[in-house]
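For reference, the structure is listed below as structure tokens.
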Amino acid sequence: MVIKEAKFVTSNTRADLCPQTQLPEYAFIGRSNVGKSSLINMLTNHLKLAKTSSFPGKTQLINHFLINGEWYLVDLPGYGWAKVSKDSREQWRKMVQFYLKNRTNLACVFVLVDSRLPPQKTDLEFIELLGTMGVPFVLIFTKTDKQSGTKTDANIAVFMKTLQETWEELPMYMKSSSTSKEGREEILNFIASVNQR
Ligand code: GDP
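Using my numbering, you'd call the opening residue of the sequence shown number 276 and step up by one each time.
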């Protein structure tokens, strides 16, 4: 897919205030610092479409970007901040859960996972939530340029093995690097193929 146009549309805290649309949308989410903003900017060829995570304390927002006038890319607020109050975490959970439940045009959630780390509890919990809610998702293992391909694959294997304990059918996954642009074609082609269904 060629990205001809990527434009910011709205920032909201509530799913019911997000754009009223029939167009499909694809949400990106992950732990803070996983490389979400970098990946969104890499996919859309924009240096600064998505802003690097602002520490919560500031309002966390659901950001909608319209791509080629055909589909929405959604930047969801990240999770797993080290120093966050129980209240903020609860607020995040409510906002994201409400979004996942009510966005009927949500085609897929991309869950970003740092390819360098062993399975993190917050990632596993979020994936579990998606499973419970029946939301379609794909995993993206980020920052692959930071280590050898062998190490990345070994870490992914450990992650999948952990998922196997609770999932009968393992989710689809892709690898990405915002530096080398690994994954760009695969992610965009996947979106194009779902859009055509
Ligand atoms: P976010 O908090 O998930 O939005 O993460 P950011 O996109 O702001 O990235 C966090 C940090 O990781 C920044 O310093 C980025 O420059 C760096 N980073 C993000 N993606 C990559 C990547 O694919 N490769 C490398 N080498 N660094 C990355």
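Just so you know, even glycine gets a beta-carbon here, dropped at the ideal spot from N, CA and C.
Residue environment, residue i, which counts as buried when at least 16 other CB atoms sit within 10 Å
i: N377; result: exposed
i: T472; result: Per the sequence shown, the amino acid found at residue 472 is Arg instead of Thr. Burial call: exposed.
Top-ranked residue by Cα proximity to residue i, from the options
i: V349; options: E440, G406, T419 and R289; result: R289
i: V410; options: I431, L381 and A357; result: L381
i: T441; options: G458, K311 and T407; result: T407
Start-to-end residues for the alpha helix (DSSP H) that takes in residue i
i: S363; result: K361 to N377
i: M317; result: K311 to T319
i: E460; result: R459 to N470
i: L399; result: K396 to M408
i: G424; result: G424 to Q439
Backbone CA spacing between residue i and residue j [nearest angstrom]
i: E461; j: L438; result: 23 Å
i: L336; j: R306; result: 15 Å
i: S423; j: K361; result: 37 Å
i: D398; j: G344; result: 31 Å
i: I315; j: L324; result: 7 Å
i: L292; j: K426; result: 42 Å
i: N287; j: Y347; result: 14 Å
Limits of the unbroken beta strand (DSSP E) element including residue i
i: K282; result: A281 to N287
i: A222; result: Absent from the model: residue 222. The displayed extent of the chain is 276 to 472, so no value can be given.
Handout entry: Validate contact between the region 364-373 and the region 307-319 using beta carbons, cut 8 Å, 3 pairs
Key = no
Practice task
Determine, using beta-carbon pairs with one atom in the region 386-395 and one in the region 408-416, whether at least three such pairs fall under 8 Å.
Solution key: yes
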